[in-house]
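These notes are about the structure you will find just below.
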Amino acid sequence: MRYFMILSAMLLIFSACKEDEPVDPCTNGFLDPGEDAVDCGGDCSPCVNTPVTFLNLDVNGINTAMLSYEMDYDVSSWSLQLSNDSLNIQIGFGNTGDVGTYPIDATASYLYRDGAQYLGQTEGVYSISDHDVANDLMSGFFQIKFFRPGFVDTLEIANGQFENFGY
């Protein structure tokens, strides 16, 4: 028993004295001196800033999620295309991609709700707040009212915001 205790103590001492292996500061999960962000920049590999794509809009005062959304540019005009289970929307942004505020192009805009066409529009305006042409990304705001000619049915899209939409 005495030998066992001595042997155990020796093993404990030798294992405690073992040198720790160096930890790579570029993979340790901490923001080390010289790094721009955790484990990147400085002496580590460059940081990759992936822009977050974001969409928000209210339809008749209710925040509404879209399952599909994209910015389209067909060499002559821009359009924002949005859809979910009941809505299919296209908002025409015209031919300028410049930062600024502009009227929505009514001829290139439409809304379908559960198959019903809302082809009339009023109060349509959009703003481009950022256009990163190097990375083909656009951000901005929009609002528009769609109506069905001959019906008393209006859908108001307000508080529209899109961030970092690729095209």
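Numbering (numbering that gives the first Met the number 0), first residue to last: 0 to 166.
For glycine and all other residues, C-beta sits at the position ideal for the given N, C-alpha and C.
These numbers were taken from a predicted model, which means no experiment stands behind them.
Looking at the DSSP output, Phe146 sits in a beta bridge with Gly119, Thr153. Here the C-alpha atom of Ser138 lies approximately 10 Å from the C-alpha atom of Met70. Rounded to the nearest whole angstrom, the CA to CA distance from Cys39 to Pro21 is 18 Å.
In the structure shown, the three-state DSSP call for Met65 is coil.
For Gly165, the beta-bridge partners assigned by DSSP are Leu136. If you check the CB distance, Asn87 and Asn158 do not come in under 8 Å. Phe53 and Asn163 do touch by the CB rule: their CB atoms are close to 7 Å apart, below 8 Å. In this structure, the CA atom of Ala105 is about 33 Å from the CA atom of Thr49. Gln120 is positioned such that its CB atom lies no closer than 8 Å to that of Phe140.
DSSP, read as helix, strand or coil, puts Ser76 in coil. Judged by DSSP in its simplified three-state form, Val98 adopts coil rather than helix or strand. A residue is called buried once 16 or more other Cβ atoms fall within 10 Å of its Cβ, and Ser67, having fewer, is exposed.
Contact check for Arg112 against Ser82 fails: the beta carbons are separated by 8 Å or more. Using a Cβ distance threshold of 8 Å, Asp35 and Pro24 do not count as a contacting pair.
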